[in-house]
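Here the numbering used here runs 3 ahead of the position in the sequence shown, where the first position is 1. Here a beta-carbon is modelled for each residue, glycine too, at the ideal position from N, C-alpha and C. Note that the structure is predicted; figures quoted are calculated from it, not measured.
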Amino acid sequence: MKLSRRHALAGAAAAAAAPLLSSGPGHAAAPVPDKQAPSFYRYKVGDIQVTVVSDGRNTFAFDDKFIVNAKKEEVSAALQQAFLPGDVMTIYFAPLVINTGGKLVVLDTGNGPLAKANSKGANGLFADNMAAAGFDPKAVDMVVISHFHGDHVNGLLTAEGTPAFPNAEVLVPAVEWKFWMDDGEMSRAPAGRMQGLFKNNRNIFEAGLQKKVTPYEWGKEVAPGLLAVDTVGHTPGHTSYVLSSGAGKVFIQSDVTNNPNPFASHPGWHAFFDQDADMAEKTRRRVYDMVVAEKLQLQGFHYPFPGLGNIVKDGDGYRVIPAPWNPAI
Ligand SMILES: [Zn+2]
């Protein structure tokens with residue numbers, strides 16, 4: 004305290020003696036791009052190389068309907084407690100490119116090229132950032148999909164509606180495939196968002212991909228080292244993964260939670276996009292208790308980039324401790 008006070012006083016004396024700012028012309032007027040570096044981040048899981056590739060973010064004002072069992076004021080307070088603005092919610096998106104050594108695997112595909120245009124480049128950036136990370140979409144062997152929401156499947160097609168990964172086998176959860184391709188389910192879907200999701204999925208998988216997909220089951224490896232795990236609730240066939248190689252292991256949660264603030268800190272809160280909210284909460288608590296107990300690293304699709312961290316129990320909820328940024332692999 005004394006030291007910093009003495010330094011502050013010395014600084015004040017110096018400022019009084021001589022002007023701190025030169026009156027000469029500055030350099031800030033020169034045009035500087037208002038952009039970040041392309042957002043991708045690599046790490047190793049044993050011999051497997053993972054590249055987290057940002058698809059961008061969506062920031063929006065929310066109301067009482069965003070979380071069906073919490074008022075806007077409660078959500079605002081929770082966000083502010085995490086040093087975030089209380090009036091808007093930000094959702095991040097981060098698909099993965101996994102190089103198993105034998106196969107190049109894309110895991111989820113982001114919001115797609117139409118979203119990039121509609122959001123003026125706030126999201127739909129997966130293709131751009133994947134190219135910046137050095138990957139050619141033609142070189143992708145497999146695309147694995149966790150569930151059939153637009154932010155995960157829309158990047159399967161180009162802006163022209165053709166397959167974005169022309170040489171890849173597309174693997175989808177069998178339960179998810181059955182649900183969204185069922186005409187009865189589609190006819191019974193509530194108007195609005197659910198019908199829109201059915202329409203979008205039919206457009207992608209029927210018109211775009213001509214139904215050329217391979218359904219996969221839980222409890223099996225969908226790609227070398229990538230085990231599919233049942234984490235239903237968010238959607239009927241929602242899937243997470245355990246990626247392992249040698250001593251390395253990471254739990255890839257998909258949408259078990261959305262942004263951990265407020266959904267990990269408040270696991271009982273039901274966002275409108277959880278299709279079976281009670282089941283989603285059960286799954287969330289079961290998965291997070293498991294990763295806490297096993298001290299398992301977790302990768303979150305909707306976490307702030309790059310979305311790798313560990314989970315600790317914190318009161319009735321959970322807290323994420325992000326993994327330190329590693330400047331070299
Ligand atoms: Zn999602």
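Using C-beta distances below 8 angstroms, list every residue in its chain close to residue i, excluding the 5 sequence neighbours before and after it, in chain order.
i          : result
lysine 123 : none
Less than 9 angstroms between the beta carbons of residue i and residue j, yes or no?
i             : j              : result
proline 41    : alanine 135    : yes
leucine 174   : tyrosine 219   : yes
valine 253    : leucine 200    : no
glycine 240   : lysine 181     : yes
valine 146    : leucine 110    : yes
glycine 153   : asparagine 203 : yes
histidine 269 : alanine 73     : yes
Give me, in chain order, the residues of the same chain whose beta-carbon lies closer than 6 angstroms to that of residue i; leave out the 5 immediate sequence neighbours on both sides.
i              : result
glycine 89     : Ser79, Leu82, Gln83
valine 294     : Phe254, Leu301, Ile314
tryptophan 272 : Ile70, Ala73
Smallest Cα separation from residue i: which of the options?
i              : options                        : result
aspartate 58   : Asn102, Pro169, Leu128, Leu110 : Leu128
alanine 250    : Phe276, Asp50, Pro34, Asp279   : Asp50
proline 327    : Thr234, Gly318, Asn313         : Asn313
isoleucine 255 : Ser268, Tyr321, Ala97          : Ala97
proline 140    : Lys75, Val315, Phe168, Asp319  : Phe168
alanine 177    : Asn170, Phe151, Asp258, Ala331 : Phe151
alanine 171    : Ala210, Lys215, Glu179, Asn203 : Lys215
proline 116    : Asn329, Glu209, Ile101, His155 : His155
threonine 112  : Ile148, Gly211, Asp67          : Ile148
aspartate 299  : Leu311, Pro307, His305         : Just to set this straight, residue 299 is leucine in the shown sequence, not aspartate. Selected option, being the one with the closest Cα: Leu311.
Regarding residue i and ligand 1, is the C-beta to nearest heavy atom distance less than 8 angstroms?
i                 : result
serine 247        : no
serine 257        : yes
asparagine 61     : no
asparagine 203    : no
aspartate 277     : no
histidine 155     : yes
phenylalanine 304 : yes
Which residues in the same chain as residue i place their Cβ atom closer than 7 angstroms to its Cβ, once the five residues preceding and following it in sequence are excluded?
i            : result
alanine 125  : Gly59, Arg60, Asn61
methionine 4 : Because methionine 4 sits at a pLDDT of 46, beneath the cut-off of 50, its placement in the model cannot be relied upon, and the point is left open.
valine 232   : Trp221, Thr242, Ser243, Tyr244, Val245
> Which whole runs of the alpha helix (DSSP H) in the segment 93-155 are 4 residues long or more, in chain order?
Replying inline: 115-121, 129-135
>> Just to confirm the assignment: which complete beta strand (DSSP E) runs, minimum length 3, are found wholly within the segment 199-229?
In response: 217-219, 224-226
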